[in-house]
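Student: Here you go, one structure.
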Amino acid sequence: MKILNKKKLLLVDDSEDDYILLKEAIHDSDIEVNLVHCLSGEEALHYLMDQQNKGKAELPNLILLDLKMPTLNGFEILKRLKHDPILQQIPIVVLSSSDLTGDIRKSYELLANSYIVKPFDYDELILTVKSLTNYWFKISRLPYD
Amino acid sequence: MSQLNSTEAEELIDIIIDILAGKQPITNKTIENIVDPKYKELLVGLMVLSEDANYNAELRKKLERNFSNLDKLHTKLFQNIPVPICFLNENLECESYNDSFEDYFEISPSVKKIELDTIIPDLRNIFDDYLNVLKGKLTNFQLVEKIKLITTTGETNWGIINMSSVDLEDEDKYILIIQDITSFHNLEEELTLKSDELVKNNMELENLTRITTQDLKEPIRLINNYAQLLQKRNFQDSNDSSGEWINSIISTSKRIKGLLEEVMTFTTITDKEVDISAVDVSLIVEQVKLNLNRLIIENNVQINYSDLPSIRADKYQLLEIFQNLISFIIKNRGDINPEITIKYKEYDTNWIFLVVDNGMRIDPNYFTKLFSSENSLYTNNVNSSVSLAICKKIIEFYKGHIWVESNMGIGSIFYFTISKEV
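Residue numbers (the numbering used here), protein chains in the order written: chain A, 3 to 147; chain B, 13 to 434.
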């Protein structure tokens, strides 16, 4: 049964620091999540293709996507994933340090499921992780549960 | 009466003919020779007539001389005046022009007729437009226009033409006077270019500020997060000051974040989409009290107001004004608990708001610098060094002014105006 498995959370972010902080926040939240980190858009696309080839069950349950990344930025990834008949079903939460209205609007135009500004305080980050996992992994029903 | 003999009669006739021809003046001697009083009387009459005729002839000569002198003077003036002038006929053909006109347009003296359309190409169109406006009535008109002028060697200049009608009895003529403004025009163009460049540079600078502040928030956020993570993991030795140092890192990060947000607000506040509508100022003050709740409680602040008006403005911009002013007052409070009163007065064209406190510490020497974005007087306070500059920027957007009056330790009054014509 899938529900016995840990949920898979994919972080696409070129910042190693943000990965470390998220990992620590997950740890401090006492949440059982399989956190995968891709340091670039290209790496994320390869990873998702690989997982898709292994079977839909191997795909992440949620993607946290940064916007500002070299070569393939978050908007490009959003566009590609939301055009893929299988991958488009994975909810994508944009996790960006930008609070510019333009970035927020564009993300939703490209069908992001949510937009979160990276919290300034660590406690806030823990709260965000708890809220996100609670909503997407407990309250919400996902296609490959 | 004695009869003249034939010889005497012939002599008299000759004299009269000579007199009438002006060859011989009538003198008293001539008259004395005449014995017959009837002929004497006739000659006296002739003498008077002759004197009148001589007088009239002299007068005419004098008038002709004067007229000739006037004509010479006019020609001299027309030719030598250092302003290009030409006369046009009713078909706008150049009939005559002065030396200055010739020099200005570099017309060769050998040229018999100059085509006006080649040296003032837009004149005919402007004149036709003018004609249409006046519906063909062209008496006593004067046309003043900035216009392009092209010399016969192809050099382009700019001038102001002053064209007016000369209403002669038998024909219509126009006089065209040209004032060269090429240097002013070039200066104006240069100024426009510089101004455009300045606007572009300002936009680039604003974009750069926007990007820089946005990018700087990233490392500050990471520093703050790591410091708080260290704090959470109890990474501090009770024997040293590491705990305090971590606290300092966190508070400094928050200060930098506050400053970056202020800079961001200052840069973007009047660029954002504004929604001008009727805004109840009382509700804005209530929102400020909610937003600054913690600061208000910590500093035991009393905020008073009653019956504030509803004005036309963008509610977020109005909120920024009141919030920045009130938080500035609280952060620069004196020893007593701050009491802030908000009042207003309505005038025909604007509103004036007064934010009165009971003892803020502002040195009057800093009044002029207080609202400047260069000001960084209160560096220990987050959100205060740029906050009043933000207020000023928004207020100026509403064609208003902001100023302050203060008695050290007694209190200050911040005044600001908001135009009703937004």
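Quick reminder that beta carbons are idealized off the backbone N, C-alpha and C, glycines included.
Quick check on the DSSP output: the beta strand (DSSP E) that includes L155 (chain B) runs from which residue to which?
Tutor: Start at 1 with the first residue of the second sequence, and residue 155 (chain B) comes out as number 143. Segment Q154 to I162, the beta strand (DSSP E) holding L155 (chain B).
Student: Please name the residue in B:K405, B:I414 and B:S62 whose C-alpha comes closest to that of T282 (chain B).
Tutor: Position 270 of the second sequence, counted from the first residue, corresponds to residue 282 (chain B). Looking at the Cα atoms, B:K405 is the closest of the given residues.
Student: Identify, in the order they occur along the chain, each residue of the same chain with its Cβ nearer than 6 Å to the Cβ of F153 (chain B), setting aside the five sequence neighbours on each side.
Tutor: Taking the second sequence and counting its residues from 1, the one referred to as residue 153 (chain B) is at position 141. So the list reads S177, once near-sequence residues are dropped.
Student: Ignore the nearest five residues each way along the sequence and tell me which others in Q12 (chain B)'s own chain have a CB closer than 6 Å to its CB.
Tutor: Lying before the first or after the last residue shown, residue 12 (chain B) is absent from chain B, which here runs from 13 to 434.
Student: By how many angstroms is the C-alpha of N370 (chain B) removed from the C-alpha of P376 (chain B)?
Tutor: Within the second sequence, the letter at position 364 stands for residue 376 (chain B). Within the second sequence, the letter at position 358 stands for residue 370 (chain B). Cα to Cα, the separation comes out at about 16 Å.
Student: For the candidate residues B:I354, B:K160, B:E274 and B:R77, whose alpha-carbon lies nearest to that of P133 (chain B)?
Tutor: Residue mapping note: residue 133 (chain B) aligns to position 121 of the second sequence, counting from 1. Considering only alpha carbons, the answer is B:K160.
Student: What does the alpha-carbon distance come out to for the pair P321 (chain B) and P121 (chain A)?
Tutor: One-based indexing of the second sequence puts residue 321 (chain B) at position 309. One-based indexing of the first sequence puts residue 121 (chain A) at position 119. Computed Cα separation, rounded: 38 Å.
Student: For V119 (chain A), I'd like the list of residues in its chain whose CB is within less than 6 Å of its CB, leaving aside the five on either flank, ordered along the chain.
Tutor: In the first sequence, residue 119 (chain A) corresponds to position 117, counting from 1. Only D101 meet the Cβ criterion.
Student: From K301 (chain B) to K25 (chain A), what does the alpha carbon distance come to, in whole angstroms?
Tutor: If you number the second sequence from 1, residue 301 (chain B) lands on position 289. If you number the first sequence from 1, residue 25 (chain A) lands on position 23. Spanning the two alpha carbons is a distance of roughly 38 Å.
Student: Expressed to the nearest angstrom, what Euclidean distance is found between the alpha-carbon atoms of S122 (chain B) and D64 (chain B)?
Tutor: Position 110 of the second sequence, counted from the start, is the residue given in the question as residue 122 (chain B). Position 52 of the second sequence, counted from the start, is the residue given in the question as residue 64 (chain B). Distance between the alpha carbons of S122 (chain B) and D64 (chain B) is about 50 Å.
Student: Would you mind listing the alpha helix (DSSP H) stretches within the segment 161-246 of chain B that are 4+ residues and don't spill past its ends, in chain order?
Tutor: Runs found: 194-244.
Student: Since W415 (chain B) is in the alpha helix (DSSP H), which residue starts that stretch and which ends it?
Tutor: The residue labelled residue 415 (chain B) in the question sits at position 403 within the second sequence. No alpha helix (DSSP H) contains W415 (chain B), which is instead part of the beta strand (DSSP E) from I414 to N419.
Student: To the nearest angstrom, report how far apart S17 (chain A) and L382 (chain B) are at their CA atoms.
Tutor: Here residue 17 (chain A) refers to the residue found at position 15 of the first sequence. Here residue 382 (chain B) refers to the residue found at position 370 of the second sequence. If I take the Cα positions, the gap works out to 40 Å.
Student: What is the DSSP secondary structure of G57 (chain A), counted as helix, strand or coil?
Tutor: Numbered from its first residue, the first sequence carries residue 57 (chain A) at position 55. G57 (chain A) falls in the coil class under three-state DSSP.
Student: Using a Cβ cut-off of 7 Å (strictly closer), state whether R233 (chain B) contacts chain A.
Tutor: By 1-based counting over the second sequence, the position of residue 233 (chain B) is 221. Judged by the 7 Å Cβ criterion, R233 (chain B) is in contact with chain A.
Student: Between V313 (chain B) and the rest of its own chain, which residues show a CB-CB distance below 6 Å, the 5 nearest in sequence each way excluded?
Tutor: In the second sequence, counting from the first residue as 1, residue 313 (chain B) sits at position 301. Cβ neighbours of V313 (chain B) beyond the five flanking positions: I342 and P350.
Student: Measure the alpha-carbon distance for L4 (chain B) versus V211 (chain B) and round it to whole angstroms.
Tutor: This structure leaves residue 4 (chain B) out entirely; chain B is present only between 13 and 434.
Student: Rounded to whole angstroms, what is the Cα-Cα separation between D319 (chain B) and K269 (chain B)?
Tutor: Within the second sequence, numbered from 1, the residue matching residue 319 (chain B) stands at position 307. Within the second sequence, numbered from 1, the residue matching residue 269 (chain B) stands at position 257. When rounded, the distance between both Cα atoms is 36 Å.
Student: Just the Cα atoms here: how many angstroms apart are A290 (chain B) and F278 (chain B)?
Tutor: By 1-based counting over the second sequence, the position of residue 290 (chain B) is 278. By 1-based counting over the second sequence, the position of residue 278 (chain B) is 266. Cα to Cα, the separation comes out at about 24 Å.
Student: Got a sec, what are the start and stop residues for the beta strand (DSSP E) Y117 (chain A) sits in?
Tutor: Position 115 of the first sequence holds residue 117 (chain A). Residues S116 to V119.
Student: Is it the case that the Cβ atoms of I94 (chain A) and N63 (chain A) are separated by a distance below 7 Å?
Tutor: Along the first sequence, read from residue 1 onward, the residue named residue 94 (chain A) stands at position 92. Along the first sequence, read from residue 1 onward, the residue named residue 63 (chain A) stands at position 61. No. Outside cutoff.
Student: Can at least three beta-carbon pairs, one atom from the segment 73-92 of chain B and one from the segment 172-189 of chain B, be found at a separation below 8 Å?
Tutor: No contact exists between the segment 73-92 of chain B and the segment 172-189 of chain B.
Student: Tell me which residues share the same chain as E200 (chain B) and place their Cβ nearer than 6 Å to its Cβ, disregarding the 5 neighbours each side in the sequence.
Tutor: If you number the second sequence from 1, residue 200 (chain B) lands on position 188. Cβ within range, chain order: n/a, list empty.
Student: Quick check on L23 (chain A) - is its C-beta less than 7 Å from some C-beta in chain B?
Tutor: On the first sequence, position 21 is the one that residue 23 (chain A) refers to. Judged by the 7 Å Cβ criterion, L23 (chain A) is in contact with chain B.
Student: Return the bridge partner residues of R267 (chain B) from the DSSP annotation.
Tutor: Indexing the second sequence from 1 puts residue 267 (chain B) at position 255. The partner list for R267 (chain B) (beta bridge, DSSP) is empty, contrary to what the question assumes.
Student: Residues in its own chain within less than 6 Å of M158 (chain B) by CB, not counting five upstream and five downstream?
Tutor: Here residue 158 (chain B) corresponds to residue number 146 of the second sequence, with the count starting at 1. The sequence given here places Lys at residue 158 (chain B); Met does not occur at that position. Contacts found: I172.
Student: May I ask you to list, following chain order, the residues of the segment 122-138 of chain A that have a beta carbon less than 8 Å from some beta carbon of chain B?
Tutor: From the segment 122-138 of chain A, only F122, D123, Y124, D125 and L127 have a Cβ closer than 8 Å to chain B.
Student: Nearest-angstrom Cα distance between N68 (chain B) and K88 (chain B)?
Tutor: Start at 1 with the first residue of the second sequence, and residue 68 (chain B) comes out as number 56. Start at 1 with the first residue of the second sequence, and residue 88 (chain B) comes out as number 76. About 29 Å.
Student: Are W170 (chain B) and I138 (chain B) touching if we call contact CB-CB under 7 Å?
Tutor: Here residue 170 (chain B) refers to the residue found at position 158 of the second sequence. Here residue 138 (chain B) refers to the residue found at position 126 of the second sequence. Cβ atoms of W170 (chain B) and I138 (chain B): not closer than 7 Å.
Student: Tell me the rounded alpha-carbon separation between N336 (chain B) and T168 (chain B).
Tutor: In the second sequence, the residue the question calls residue 336 (chain B) occupies position 324. In the second sequence, the residue the question calls residue 168 (chain B) occupies position 156. Going by the C-alpha atoms only, they are around 55 Å apart.
Student: Identify, in the order they occur along the chain, each residue of the same chain with its Cβ nearer than 8 Å to the Cβ of N316 (chain B), setting aside the five sequence neighbours on each side.
Tutor: By one-based count along the second sequence, residue 316 (chain B) stands at place 304. Taken in chain order, the residues that qualify are E351, I352, T353 and I354.
Student: Return no unless some Cβ of chain E is closer than 7 Å to the Cβ of D19 (chain A).
Tutor: Among the protein chains of the structure shown, namely A and B, there is no chain E.
Student: With V416 (chain B) and I407 (chain B) assumed to form a contact (beta carbons below 8 Å), what rounded beta-carbon distance in angstroms separates them?
Tutor: Mapped onto the second sequence, residue 416 (chain B) falls at position 404. Mapped onto the second sequence, residue 407 (chain B) falls at position 395. Not confirmed; about 13 Å, so no contact.
Student: Rounded to the nearest angstrom, what separates P96 (chain B) and L71 (chain B) at their Cα positions?
Tutor: Taking the second sequence and counting its residues from 1, the one referred to as residue 96 (chain B) is at position 84. Taking the second sequence and counting its residues from 1, the one referred to as residue 71 (chain B) is at position 59. Going from the Cα of P96 (chain B) to the Cα of L71 (chain B) covers about 37 Å.
Student: If the cut is a Cβ gap below 8 Å, which residues of chain A does L241 (chain B) touch?
Tutor: Position 229 of the second sequence, counting from 1, holds the residue named residue 241 (chain B). Those within 8 Å of L241 (chain B) in chain A are L23, E26 and Y124.
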